[in-house]
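Undergrad: Sequences listed follow chains R and U, in order. First residue of the first sequence: 1, per our numbering; consecutive thereafter. First residue of the second sequence: 1001, per our numbering; consecutive thereafter. Backbone N, C-alpha and C fix where the C-beta goes; we use that ideal spot for every residue, glycine too. One structure coming up, written as structure tokens, with questions to follow.
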Amino acid sequence: NAGVTQTPKFQVLKTGQSMTLQCAQDMNHEYMSWYRQDPGMGLRLIHYSVGAGITDQGEVPNGYNVSRSTTEDFPLRLLSAAPSQTSVYFCATIAGTDPYRQFFGPGTRLTVL
Amino acid sequence: AQSVTQLDSQVPVFEEAPVELRCNYSSSVSVYLFWYVQYPNQGLQLLLKYLSGSTLVESINGFEAEFNKSQTSFHLRKPSVHISDTAEYFCAVSDRFQGAQKLVFGQGTRLTINP
């Protein structure tokens, strides 16, 4: 049971490039979400999904796209990266059996030049 | 909408000393409250939570937090810290209608333990 995995761990992009941050979980959790962590600002919710085929926006969705075709995967897409998207990105899930605990992945550190 | 303010960005303490990390929140609805801990180069882990009932909640590693509705606070305390408690601590809130799905986090408090 690997829990929540994120790839890559580190990434450097140039402004305007696109990329996808991967998040996978093997715990059969229905709820998955993406946060970004910036110094002095804590974590902010980007997008979330309550199950396959269902996604919704969080607090800071602009510049990011998501889709949820399977229960296991919840990729986050940056279509045209900007320096303001330099951040650490965390994927998190919630188990149906424990709806008050979020399980976080190890994070992806993204730098946009 | 909810918001969370952690009053200290950094807290240095000596090993075996007591510590309090302060958290205040604002919300127009009833809330759930959480403390998460982030050890270096790791993701966040749930430390403890307040859902209802007793206003004092405890973690398995000696931390406790008290929900104070009149002061809208949820401060985290430990009577004697260890080097291994060095981490960043985040207070978070969610409204009761959405469970823990849409958390609003504070800015974080970096706890540094000096020997």
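(1) Assess, as a yes-or-no matter, whether the stretch 87–97 of chain R is touched by the stretch 1070–1080 of chain U under the definition of 3 or more beta carbon pairs within less than 8 angstroms.
(2) Would you call the stretch 1022–1031 of chain U and the stretch 74–82 of chain R touching, i.e. three or more CB-CB distances under 8 angstroms?
(3) Cβ atoms of R/V4 and R/G105: under 7 angstroms apart, would you say?
(4) Does the distance from the C-beta atom of U/P1115 to that of U/P1018 stay below 7 angstroms?
(5) Would you say U/Q1098 faces chain R, with C-beta separation under 7 angstroms as the test?
(6) Just verifying my parser: in three-state terms, what is the DSSP assignment at U/R1096?
(7) Looking at chain U, which residues of the stretch 36–70 of chain R have a Cβ within less than 9 angstroms of any of its Cβ atoms?
(8) Measuring alpha carbon to alpha carbon, tell me which residue in R/G107, R/Y100, R/L113 and R/T111 is nearest U/V1031.
(9) With distance defined between alpha-carbon atoms, name the residue in U/P1040, U/S1003 and U/A1065 nearest to U/D1085.
(10) Note down the Cα distance separating U/S1054 from U/E1088, rounded to an integer number of angstroms.
(11) Starting from the beta carbon of R/Q85, find every residue of chain U whose beta carbon is closer than 8 angstroms, and list them in chain order.
(12) For R/C78, which residues does DSSP report across the bridge?
(13) Helix or strand or just coil, what does DSSP make of U/S1073?
(14) Output yes if chain R places a C-beta closer than 7 angstroms to the C-beta of U/K1069; else output no.
(15) Helix or strand or just coil, what does DSSP make of U/S1084?
(16) Would R/L110 and R/Q11 be called neighbours here (beta carbons separated by less than 7 angstroms)?
(17) Output, in sequence order along the chain, the residues in the stretch 91–105 of chain R whose CB is closer than 7 angstroms to any CB in chain U.
(18) For R/V112 and R/N28, what's the separation of their Cα atoms in angstroms?
TA: Per the coordinate set shown:
(1) Under the Cβ criterion (8 angstroms, minimum of three pairs), the stretch 1070–1080 of chain U does not count as touching the stretch 87–97 of chain R.
(2) The stretch 1022–1031 of chain U, when compared against the stretch 74–82 of chain R, does not touch it at the 8 angstroms Cβ threshold.
(3) Residue mapping note: residue 105 of chain R aligns to position 105 of the first sequence, counting from 1. Residue mapping note: residue 4 of chain R aligns to position 4 of the first sequence, counting from 1. It is a contact, given that the beta carbons lie within the stated cut-off.
(4) In the second sequence, counting from the first residue as 1, residue 1115 of chain U sits at position 115. In the second sequence, counting from the first residue as 1, residue 1018 of chain U sits at position 18. Going by C-beta atoms, U/P1115 is not nearer than 7 angstroms to U/P1018.
(5) In the second sequence, residue 1098 of chain U corresponds to position 98, counting from 1. No, no contact with chain R.
(6) In the second sequence, residue 1096 of chain U corresponds to position 96, counting from 1. In the structure shown, U/R1096 falls within a helical segment according to DSSP collapsed to helix, strand and coil.
(7) Residues Q37, P39, G40, M41, G42, L43, R44, L45, Y48, V50, G58 and E59.
(8) Against the second sequence, residue 1031 of chain U aligns to sequence position 31. Considering only alpha carbons, the answer is R/Y100.
(9) Residue numbering aside, residue 1085 of chain U sits at position 85 when the second sequence is read from its first letter. Nearest to U/D1085 by C-alpha distance, out of U/P1040, U/S1003 and U/A1065, is U/P1040.
(10) Counting from 1 along the second sequence, the entry for residue 1054 of chain U is found at position 54. Counting from 1 along the second sequence, the entry for residue 1088 of chain U is found at position 88. Counting only the Cα atoms, U/E1088 lies some 26 angstroms from U/S1054.
(11) Numbered from its first residue, the first sequence carries residue 85 of chain R at position 85. Near R/Q85 there are no residues of chain U at all, since even the closest Cβ is about 18 angstroms away, more than 8 angstroms.
(12) Here residue 78 of chain R corresponds to residue number 78 of the first sequence, with the count starting at 1. Residue identity differs from the one stated: residue 78 of chain R is Leu in this sequence, not Cys. DSSP output for R/L78 lists R/M19 and R/Y64 as bridge partner(s).
(13) Reading the second sequence from its first residue, position 73 is the one you call residue 1073 of chain U. Assigned with DSSP and collapsed to three states, U/S1073 falls in strand.
(14) Numbered from 1 along the second sequence, position 69 holds the residue referred to as residue 1069 of chain U. No - not a single Cβ of chain R is within 7 angstroms of the one on U/K1069.
(15) Residue mapping note: residue 1084 of chain U aligns to position 84 of the second sequence, counting from 1. Helix.
(16) By 1-based counting over the first sequence, the position of residue 110 of chain R is 110. By 1-based counting over the first sequence, the position of residue 11 of chain R is 11. Contact: yes.
(17) Per Cβ criterion, the list reads I94, P99, Y100, R101, Q102, F104 and G105.
(18) Reading the first sequence from its first residue, position 112 is the one you call residue 112 of chain R. Reading the first sequence from its first residue, position 28 is the one you call residue 28 of chain R. R/V112 and R/N28 have their C-alpha atoms roughly 33 angstroms apart.
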